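The numbering of the sequence shown is numbering that gives the first Met the number 0, which starts it at 0 and goes up by one. Every residue gets a Cβ at the ideal spot worked out from N, C-alpha and C, and that includes glycine. In this text the structure is predicted, and so the values were computed from the model without any measurement.
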Amino acid sequence: MVKSDTTPTMPVDITMSLREKLNSPFPYYLNDDRKNLLLISVITVFVIAFMYLFKTPNDLDLSFNHHLLFGGITFVCLIINIIFFPKFFPVWFDATTWNLKKYIVLNIWHLLLIGMASSAVDILYICPEKPFWENVLEAHGRVVLKGAIPIALITLFLRNIMLQQNLKTAIIANKELSKIESLKKEIPKTNNAITIFTDTSETLTFNLPELLFIEADDNYSTVFWKNGHGIEKKLLRANLKNVENQLNNSFTIRCHRSYIVNVHAISTITGNTNGYKLQIRDSDFSIPVSRPKGKELMEKISQLRNMMELY
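(1) State the Cα-Cα distance for the pair L277 and V104, rounded to the nearest angstrom.
(2) Mind reading off the beta-carbon distance from I39 to L77? Whole number of angstroms is fine, and I expect it under 8 Å.
(3) Give every residue of the same chain whose Cβ lies closer than 7 Å to the Cβ of P208, excluding the five residues on either side of it in the sequence, and list them in chain order.
(4) Grab me the residues of D4's own chain with a C-beta within less than 8 Å of its C-beta, minus the 5 sequence neighbours each way, in chain order.
(5) Cα separation between T199 and Q245?
(6) What are the boundary residues of the alpha helix (DSSP H) that L68 is part of?
(7) Determine the closest residue to A48 out of S23, I148, H139, with distance taken between C-alpha atoms.
(8) Beta strand (DSSP E) containing G274: first to last residue?
(9) Who are the near neighbours of L234 in its chain, counting only those whose CB is closer than 7 Å to its CB and skipping five residues on each side?
(10) My assumption, with CB atoms under 8 Å, is that N30 sits in contact with A94. Please give the rounded CB distance.
(11) Measuring only the C-alpha atoms, how far is M9 from N134?
(12) Pull the bridge partners of G270 from the DSSP assignment, please.
(13) Considering only DSSP beta bridges, list what G311 is partnered with.
(14) Smallest Cα separation from I171: which of I42, K20, P24, E298?
This is the structure we're talking about:
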């Protein structure tokens with residue numbers, strides 16, 4: 000982002016970095032009930048095998064049937080959390096806003112729920128002679144210890160899926176951008192002047208095809224455009240929503256709550272586990288794409304290419 004030159008202190012940097020990391024996009028498992036059911040089944044089998052094959056000195060002396068029982072508890076709890084909860088709390092479990100923080104909270108809840116169910120089995124069936132709190136603590140400790148590895152493996156698996164999806168989409172979008180750039184050379188250049196009106200009497204007029212991007216800064220917006228001498232920018236007293244309404248054309252898109260970008264100005268799109276970044280042509284500017292806007296941006300690029308082919 001293009002921001003002021005003030006340098007925050009180290010603790011603020013660390014806090015902001017942690018907050019940004021926790022709020023970074025993360026896939027809601029496989030975002031499909033049937034695939035998630037298969038994933039939960041694989042996790043359950045892994046947990047049963049892990050419990051049976053790897054035992055610590057403090058583990059209970061359990062039969063294979065006992066391990067199947069605890070595997071069944073894991074299966075039911077994950078079904079409730081991953082498949083049924085999103086149907087009752089769709090806003091919180093919205094896949095388009097799912098992030099690392101929510102994923103961590105849900106995994107902690109997985110362990111707590113499985114721990115509570117396992118505690119009940121220990122108290123009523125496995126170790127009724129032990130004190131209540133001893134059973135509860137031992138059951139939760141066992142769940143955390145045996146659940147850490149499956150959670151770590153699933154996390155790596157989901158991050159890899161998200162990375163592959165973002166890379167695949169970015170490659171497709173870059174091909175579309177290359178076609179657009181080729182088609183631009185065949186279409187005669189035309190002047191398409193546009194005037195942005197501010198909250199004051201000030202205005203800014205520029206040729207729309209030369210627009211690069213616009214960045215929000217509270218009630219102000221900074222417009223970046225290209226002229227014959229390089230890149231110019233101007234700060235206007237108008238919020239980004241106001242500017243967006245005035246542009247209202249097929250070439251610009253609100254790709255982030257803080258940015259509007261001209262599709263023609265995008266040279267390449269990169270994708271990783273944090274989402275997409277737009278590289279602005281002939282510059283060092285890199286513009287983030289918010290997760291909800293990713294699909295809309297890709298569709299916009301495809302539509303623009305189709306329009307130019309019909310020109």
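On the basis of the data shown:
(1) Between L277 and V104, the C-alpha separation is close to 31 Å.
(2) 5 Å
(3) N191, H263
(4) Any reading at D4 must be qualified, since the residue scores a pLDDT of 40, below 50, and its modelled position is unreliable; the value itself is stated next. Nothing meets the Cβ criterion.
(5) 15 Å
(6) 63-77
(7) I148
(8) 274-279
(9) Y219, T221
(10) Right, the Cβ-Cβ distance comes to about 5 Å (below 8 Å), so this counts as a contact.
(11) Low per-residue confidence applies at M9: pLDDT is 45, beneath 50, and the placement is therefore not dependable enough to give any value.
(12) Y275
(13) The first residue shown for the chain is 0 and the last is 310, placing residue 311 beyond what the model contains.
(14) Minimum Cα distance to I171 is reached at E298.
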